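Listed in order, the protein sequences are those of chains W and V.
For the first sequence, the working numbering assigns the number 1 to the initial residue and increments by one for each residue that follows.
For the second sequence, the working numbering assigns the number 1001 to the initial residue and increments by one for each residue that follows.
The beta carbon of each residue, even a glycine, is placed where N, CA and C say it ideally should be.
Keep in mind the model is a prediction, meaning the values are calculated, not measured.
Take a look at the structure set out below.
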Amino acid sequence: DQQVKQNSPSLSVQEGRISILNCDYTNSMFDYFLWYKKYPAEGPTFLISISSIKDKNEDGRFTVFLNKSAKHLSLHIVPSQPGDSAVYFCAASEGISNFGNEKLTFGTGTRLTIIP
Amino acid sequence: DVKVTQSSRYLVKRTGEKVFLECVQDMDHENMFWYRQDPGLGLRLIYFSYDVKMKEKGDIPEGYSVSREKKERFSLILESASTNQTSMYLCASRDLYEQYFGPGTRLTVT
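So this is what it looks like as structure tokens:
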């Protein structure tokens, strides 16, 4: 059972425009969400995160929005740049604590291609 | 600077061989993880460890085992490799909020 879903396997966006990547989850116990970016032949790198007590978190060109009632989050990239072309994974965890040993559940990924 | 290293970038093994994948982190993290990444399936958790000599099964532990004898090192073992274990294997360690990944090992089992 896929608890974290990214329904768009791929997305193409013109350079300079906004890229919107979506993620849905089913487990209402998830309270912390992350986005990772992955280039071919490299490990994923952390991009941005959001706690369930917030509905928006912004870091430069990247903004993550969380809609808890809809169990939906999205990543906005503005403006999109060619270097943003990569696979993006959303991930979720439940029960943030001081132990930090909660596992992450990942989505299936969305391949973003920025067209120059 | 955070660093997670994996012993091999590419590995080719034969069916039935015993395979060891090594992962080392230099951040003194207690928590370490092994994932495999397959097209259309995303990252799936195989095993994780939250302390030396401690291990927990992830979502797909069948056919795998792990070893954590030292805090910085977490090994994934394929007892008898099979072709359906051909995949990209990713190791990670974690602080309170974020997981840091190694570069991955592309394993091909023929």
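| query | result |
| --- | --- |
| Of the listed residues W:27, W:36, W:3, W:2, nearest to residue 84 (chain W) (C-alpha basis) | W:36 |
| C-alpha gap between residue 98 (chain W) and residue 116 (chain W), whole angstroms | Note on residue 98 (chain W): pLDDT 43, under 50, position unreliable in the model; no value is reported. |
| Delimiting residues of the beta strand (DSSP E) encompassing residue 994 (chain V) | There is simply no residue 994 (chain V) to check, as chain V begins at 1001 and stops at 1110 in what is shown. |
| Segments assigned beta strand (DSSP E), at least 3 residues, entirely inside the stretch 1036-1064 of chain V | 1042-1049 |
| C-beta atoms of residue 63 (chain W) and residue 56 (chain W) nearer than 8 Å | yes |
| Rounded straight-line distance, which links the Cα of residue 15 (chain W) to that of residue 1057 (chain V) | 42 Å |
| C-alpha distance - residue 53 (chain W) paired with residue 1094 (chain V), whole-angstrom precision | 22 Å |
| Per-residue contacts from residue 60 (chain W) into chain V (C-beta, under 7 Å) | Residues of chain V passing the Cβ test: none, with the nearest at roughly 17 Å. |
| Endpoints, beta strand (DSSP E) assigned at residue 18 (chain W) | Looking at the DSSP string, residue 18 (chain W) is not in any beta strand (DSSP E), and its letter there is neither H nor E. |
| Residues of the stretch 1067-1084 of chain V with Cβ closer than 8 Å to any Cβ of chain W, in chain order | none |
| CB contact flag (residue 1099 (chain V), residue 104 (chain W), <8 Å) | yes |
| Bridge partners - residue 39 (chain W), DSSP secondary structure assignment | DSSP, once it has assigned bridges, lists no residue as partnering residue 39 (chain W). |
| Segment limits, beta strand (DSSP E) that includes residue 1013 (chain V) | 1010-1013 |
| Three-state secondary structure (DSSP) of residue 26 (chain W) | coil |
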